[in-house]
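**Q** Just passing along the structure, written as structure tokens.
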Amino acid sequence: MSTHLIQIDRSLCSGFGSCLKEAPTVFALDGDGLATLLVAETADEAVLAAAASCPMGAIAVFDLETGQEAA
Amino acid sequence: MNGVVIIGAGLAGARCAEALRAGGAEIPITLVGAEHAEPYERPALSKGFLAGTLAEDDLFLRPPGSWEDRGIDLRLGSPVEHIDLRRRTVVVSGGELAWSHLVVATGTRARRLPGVDFRNVHHLRTLDDAVALRAAVNPGTRLVVIGAGFVGAEVASTAAGLGAHVTIIEAEAAPLARVAGAEVGHLLARRWRAEGVALHLGSQIARVTPDRVEIVGGQTVPYDVLLVAIGAEPASELLAGAGGIPTDAFGRTAHDGVYACGDVASLEGRRVEHWTSASGQAAAVASTILGSPRPYADTPYFWSDQFGLRLQMVGTTTGWSHVELDGDSASFRARYVDLEGKAVAVLLANRAAEVAAARRELATAA
Amino acid sequence: MRHDPTFWLLARASGLTAYVMLTLSILAGLLVKSRPFRTLKPAAVVDLHRILAMLGLGAIAGHAAALVLDTTVKVSIPGLFVPGLVSYRPVWTSTGILAAELMVLVYASFSMRKRIGPKNWRRLHWATYAIFAMATVHGLAAGTDASRPWAFALYAVAVSSVAIAATWRFIVPPATARARRPAGRAAEITPRRRGEQPA
Chain B
110 MSTHLIQIDR
120 SLCSGFGSCL
130 KEAPTVFALD
140 GDGLATLLVA
150 ETADEAVLAA
160 AASCPMGAIA
170 VFDLETGQEA
180 A
Chain S
109 MNGVVIIGAG
119 LAGARCAEAL
129 RAGGAEIPIT
139 LVGAEHAEPY
149 ERPALSKGFL
159 AGTLAEDDLF
169 LRPPGSWEDR
179 GIDLRLGSPV
189 EHIDLRRRTV
199 VVSGGELAWS
209 HLVVATGTRA
219 RRLPGVDFRN
229 VHHLRTLDDA
239 VALRAAVNPG
249 TRLVVIGAGF
259 VGAEVASTAA
269 GLGAHVTIIE
279 AEAAPLARVA
289 GAEVGHLLAR
299 RWRAEGVALH
309 LGSQIARVTP
319 DRVEIVGGQT
329 VPYDVLLVAI
339 GAEPASELLA
349 GAGGIPTDAF
359 GRTAHDGVYA
369 CGDVASLEGR
379 RVEHWTSASG
389 QAAAVASTIL
399 GSPRPYADTP
409 YFWSDQFGLR
419 LQMVGTTTGW
429 SHVELDGDSA
439 SFRARYVDLE
449 GKAVAVLLAN
459 RAAEVAAARR
469 ELATAA
Chain E
2 MRHDPTFWLL
12 ARASGLTAYV
22 MLTLSILAGL
32 LVKSRPFRTL
42 KPAAVVDLHR
52 ILAMLGLGAI
62 AGHAAALVLD
72 TTVKVSIPGL
82 FVPGLVSYRP
92 VWTSTGILAA
102 ELMVLVYASF
112 SMRKRIGPKN
122 WRRLHWATYA
132 IFAMATVHGL
142 AAGTDASRPW
152 AFALYAVAVS
162 SVAIAATWRF
172 IVPPATARAR
182 RPAGRAAEIT
192 PRRRGEQPA
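Chains as they are written, first to last, in our numbering: chain B, 110 to 180; chain S, 109 to 474; chain E, 2 to 200.
Here's what the structure looks like:
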């Protein structure tokens, strides 16, 4: 199981919130209604589904081992 | 061993393939697309790609080579000619593909005006369309857009930002009238005009020639580039004739082992052309094929970036009796309320902070 | 934007290289006093010690540059120097920053020996053990490769060889002490009694 590093581009975030539904331990919505991270690294594979579900493509997930973008 | 064949390498098809692999499916997955490009983000075509801030490489859903890495056989430029339900194959030029599960995700086509197919007439659905449109629109170009829907509005907005002279011709009394209603439509019309777009509302097309559009009532609008943006029709002929492919909430069609998702699918009688629905339905189909079916039941949602507004719509504007409008043309919330006072849809403009709340309200109400 | 992991991988490679150079430099430094090989002149070992330290600093500079250029983890230029600015594993990243800054100080102190005095210079040099400890912790806790068997073996070998060399240096009498005995002392042998044969 590899560790994933997650980044949110808040300039793209539209507050849709599907990321919270897919990975509630990783994402939350802040006071502005935009997504924010609860943790920066996780092995939870649900972050990949969360990134795929974002209509704005605001979530980037990197595989720390390879440095490649996983999603 | 026959695996899954997915017809359509757009968002829904691509997401379905990914979800199947991510869910642990080890069977062969073949993703067949008519377009030559690898799966890409369509919403960007009328926004950043047209504006020139995004390049083709920025549009792809996955980096080149990712599909092969995941053992997903990607066949591009291969329109499917025929589905053989009895023998469980699909016919492409060059052969046949056998399937144990078939997913139809063929999307929609841009509707055309009969006889209007001159050299400088454009439609916008595919990457090829967008490349041609981007090349044609320059500072000073006289762009006429027929249809004040979301695609027309976004192209108009992007083109105006590029310095083109934009005119929109719309048959309804207000832009986005069918979706947003008259009151909000007029609000948007005021904003569009303020942004420098010429707007002909309530205008039917009498005739289109290679250099001008003639409106019923006598007005003539000359153009250098014409965009026909009058909506889309589902590419459902392979399976269901015109009008979309009917499915249940899991994406299952009337045929065993055959699924449909995305713009082409009519889920429980309702067909929408939304990014989130395509993505969500694709995941539902994948989960069903994998044996732990999860229905797609999310409230419809879409967004549009136009004329400095981020519009976000939650729900569907059917069955409403009046609109509760809060705000102005720079930022507003429109609640579409039925006779019992229950909200059936919410349209937000530059109010991203309220989206999550609107989704929660409409989800519980549904 | 397509993501290019080249700088991410370079950052890891240069970090490990810096650690190896640091380890070798420390080992060379420890062996100056307790040279097990008589053929090696102290001056040569000192030179080696300093060259390895310089190479280590060079690798650290490469490590820093690669981290800034890399797009996997966001590192700004101020973040390279101010502990805690980098959001990625901030405690362990800061440990590395402090180790590097201390190493620069220790390396520079050699040229300032005359100004700070030999005793202060020696005291500062003791900080090398802290540098090594922090560099090891940084590599294990912030480094991506630490979990791999070969990397873990590298850290284990480095730590144990430094531990062994340090122990050797403090237990074994310095070779130089013997060499430095004045020539005259060699002649101080047990006085021969008249008529006795030399032993």
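Idealized CB from N, CA, C, for every residue including glycine.
Please read these numbers as outputs of a predicted model, since none were measured by experiment.
Can you give me the C-alpha to C-alpha distance between V148 of chain B and H113 of chain B, rounded to a whole angstrom?
**A** Reading the first sequence from its first residue, position 39 is the one you call residue 148 of chain B. Reading the first sequence from its first residue, position 4 is the one you call residue 113 of chain B. So the alpha carbons of these two residues sit roughly 11 Å apart.
**Q** What's the C-alpha gap between D371 of chain S and A154 of chain E?
**A** Here residue 371 of chain S refers to the residue found at position 263 when the second sequence is read from its first residue. Here residue 154 of chain E refers to the residue found at position 153 when the third sequence is read from its first residue. If I take the Cα positions, the gap works out to 55 Å.
**Q** According to DSSP, what are the bridge partners of D5 of chain E?
**A** Counted from its first residue, the third sequence places residue 5 of chain E at position 4. Paired residues: none, contrary to the question.
**Q** Examine chain B for any beta-carbon lying closer than 9 Å to the beta-carbon of Q312 of chain S, and answer yes or no.
**A** Within the second sequence, residue 312 of chain S is the residue found at index 204, counting from 1. Cβ-Cβ to chain B under 9 Å: no for Q312 of chain S.
**Q** Looking at H363 of chain S: is its Cβ nearer than 9 Å to the Cβ of L193 of chain S?
**A** As a working mapping, residue 363 of chain S is identified with position 255 in the second sequence. As a working mapping, residue 193 of chain S is identified with position 85 in the second sequence. Between H363 of chain S and L193 of chain S, the C-beta gap is smaller than 9 Å, which places the two residues in contact.
**Q** Is any beta-carbon of chain E found at less than 9 Å from that of T145 of chain B?
**A** For the purposes of this step, residue 145 of chain B is taken as the residue at position 36 of the first sequence. It does not; no Cβ of chain E falls within 9 Å.
**Q** At what residues does the beta strand (DSSP E) containing Q312 of chain S begin and finish?
**A** The residue you call residue 312 of chain S lines up with position 204 of the second sequence. Neither: Q312 of chain S is in no beta strand (DSSP E) and is coded neither H nor E.
**Q** Using a Cβ cut-off of 9 Å (strictly closer), state whether P172 of chain S contacts chain B.
**A** To locate residue 172 of chain S, count along the second sequence from 1; it is residue 64. Not closer than 9 Å to any Cβ of chain B, the Cβ of P172 of chain S fails to qualify, so no.
**Q** Could you spell out the range, first to last residue, of the alpha helix (DSSP H) harbouring D237 of chain S?
**A** For the purposes of this step, residue 237 of chain S is identified with residue 129 of the second sequence, where counting begins at 1. For D237 of chain S, the enclosing alpha helix (DSSP H) begins and ends at L235 to A244.
**Q** Which residues share a DSSP beta bridge with L210 of chain S?
**A** If you number the second sequence from 1, residue 210 of chain S lands on position 102. L210 of chain S is bridged to S:V113 and S:V366.
**Q** Across the stretch 279 to 293 of chain S and the stretch 255 to 266 of chain S, are there enough close Cβ pairs to call them in contact, namely three or more that are closer than 8 Å?
**A** yes
**Q** So what does D181 of chain S bridge to, in DSSP terms?
**A** On the second sequence, residue 181 of chain S is found 73 positions in, with the first residue counted as 1. For D181 of chain S, which the question treats as bridged, DSSP gives the partners S:T138.
**Q** Taking a cut of 9 Å between CB atoms, which residues from the stretch 378 to 394 of chain S lie near chain B?
**A** H382, W383, T384, S387, G388 and A391
**Q** Is the beta carbon of A132 of chain B closer than 9 Å to that of A167 of chain B?
**A** Stepping through the first sequence from its first residue, residue 167 of chain B is reached at position 58. Stepping through the first sequence from its first residue, residue 132 of chain B is reached at position 23. In this structure, A132 of chain B does not lie closer than 9 Å to A167 of chain B by Cβ.
**Q** Specify the secondary structure class of I338 of chain S as computed by DSSP and reduced to three states.
**A** In the second sequence, counting from the first residue as 1, residue 338 of chain S sits at position 230. In this structure, I338 of chain S counts as coil in the three-state DSSP scheme.
**Q** Check whether the Cβ atoms of R195 of chain S and V140 of chain S lie closer than 9 Å to each other.
**A** One-based indexing of the second sequence puts residue 195 of chain S at position 87. One-based indexing of the second sequence puts residue 140 of chain S at position 32. It is not a contact, given that the beta carbons lie outside the stated cut-off.
**Q** Going along the stretch 3 to 31 of chain E in order, which residues come within less than 7 Å of chain B, judged by CB to CB distance?
**A** H4, P6, W9 and L10
**Q** Note down the Cα distance separating G116 of chain S from A122 of chain S, rounded to an integer number of angstroms.
**A** Sequence index remark: in the second sequence, residue 116 of chain S carries index 8 (1-based). Sequence index remark: in the second sequence, residue 122 of chain S carries index 14 (1-based). Looking at the two C-alpha atoms, the distance is approximately 8 Å.
**Q** Answer with buried or exposed for Y202 of chain S, where buried requires no fewer than 16 other C-beta atoms within 10 angstroms of its C-beta.
**A** What you label residue 202 of chain S is simply residue 94 of the second sequence in a count that begins at 1. According to the sequence shown, residue 202 of chain S is Gly rather than Tyr. Under this definition G202 of chain S is an exposed residue.
**Q** Would you please state the rounded distance, in angstroms, between the beta carbons of A442 of chain S and V292 of chain S? I believe it to be under 8 Å.
**A** The residue you call residue 442 of chain S lines up with position 334 of the second sequence. The residue you call residue 292 of chain S lines up with position 184 of the second sequence. In this structure A442 of chain S is in contact with V292 of chain S, their Cβ atoms being roughly 5 Å apart against a cut-off of 8 Å.
**Q** Have a look at N110 of chain S and S439 of chain S and give me their C-alpha separation to the nearest angstrom.
**A** Residue mapping note: residue 110 of chain S aligns to position 2 of the second sequence, counting from 1. Residue mapping note: residue 439 of chain S aligns to position 331 of the second sequence, counting from 1. Their Cα atoms are separated by approximately 53 Å.
**Q** I want to check one thing, is the minimum distance from the CB of A66 of chain E to the heavy atoms of the ligand GDP below 8 Å?
**A** In the structure shown, the ligand GDP is absent, as is every other ligand, since no ligand is present at all.
**Q** Provide the residue(s) that pair with R250 of chain S in DSSP beta bridges, ordered along the chain.
**A** Taking the first residue of the second sequence as position 1, residue 250 of chain S is located at position 142. Paired residues: S:H273.
**Q** Please name the residues in the stretch 443 to 471 of chain S whose beta-carbon is closer than 7 Å to at least one beta-carbon of chain B, in chain order.
**A** A460, A461, E462, V463, A464 and R467
**Q** Mapping the DSSP letters down to three states, classify V158 of chain E as helix, strand or coil.
**A** Within the third sequence, the letter at position 157 stands for residue 158 of chain E. In this structure, V158 of chain E counts as helix in the three-state DSSP scheme.
**Q** Under 8 Å between beta-carbons, which chain B residues line up against E126 of chain S? List them in chain order, please.
**A** On the second sequence, position 18 is the one that residue 126 of chain S refers to. Within chain B, the residues near E126 of chain S are A161.
**Q** On a CA-only basis, which of S:Y331, S:I313, S:L470 and S:P318 is nearest V324 of chain S? Give me that one, please.
**A** Translated into positions along the second sequence, residue 324 of chain S becomes position 216. The residue with the shortest Cα to Cα distance from V324 of chain S is S:I313.
**Q** Roughly how many angstroms lie between the CA atoms of F415 of chain S and G423 of chain S, to the nearest whole one?
**A** Along the second sequence, one-based indexing puts residue 415 of chain S at 307. Along the second sequence, one-based indexing puts residue 423 of chain S at 315. In a straight line, the C-alpha of F415 of chain S is about 23 Å away from that of G423 of chain S.
**Q** Determine the burial state of S154 of chain S: buried for a count of at least 16 other Cβ atoms within 10 Å of its Cβ, exposed for fewer.
**A** For the purposes of this step, residue 154 of chain S is identified with residue 46 of the second sequence, where counting begins at 1. Answer is buried; the Cβ neighbour count reaches 16.
**Q** Which of the three DSSP states is assigned to S112 of chain E in this structure?
**A** As a working note, residue 112 of chain E is residue 111 in the third sequence. Taken through DSSP and simplified to helix, strand or coil, S112 of chain E comes out as coil.
**Q** So, using beta-carbon positions, are A65 of chain E and A109 of chain E closer together than 9 Å?
**A** Indexing the third sequence from 1 puts residue 65 of chain E at position 64. Indexing the third sequence from 1 puts residue 109 of chain E at position 108. In this structure, A109 of chain E does not lie closer than 9 Å to A65 of chain E by Cβ.
**Q** For D48 of chain E, count neighbouring C-beta atoms within 10 Å of its own C-beta (all shown protein chains included) and say buried if the count is 16 or more, exposed if not.
**A** Indexing the third sequence from 1 puts residue 48 of chain E at position 47. By the 10 Å Cβ count, D48 of chain E comes out exposed.
**Q** From which residue to which residue does the beta strand (DSSP E) around V83 of chain E run?
**A** Here residue 83 of chain E refers to the residue found at position 82 when the third sequence is read from its first residue. From DSSP, V83 of chain E is part of no beta strand (DSSP E); its letter is neither H nor E.
**Q** Closest to T361 of chain S by CA distance: which of S:I137, S:P330, S:I397 and S:A340 is it?
**A** Start at 1 with the first residue of the second sequence, and residue 361 of chain S comes out as number 253. Nearest option by C-alpha distance: S:I397.
**Q** Pick from E:D146, E:V105 and E:G85: whose alpha carbon is nearest that of L10 of chain E?
**A** As a working mapping, residue 10 of chain E is identified with position 9 in the third sequence. Here the closest residue by C-alpha is E:D146.
**Q** Leaving aside the five residues before and after R233 of chain S along the sequence, list all residues of the same chain whose C-beta is less than 6 Å from its C-beta, in chain order.
**A** By 1-based counting over the second sequence, the position of residue 233 of chain S is 125. Cβ neighbours of R233 of chain S beyond the five flanking positions: A218.
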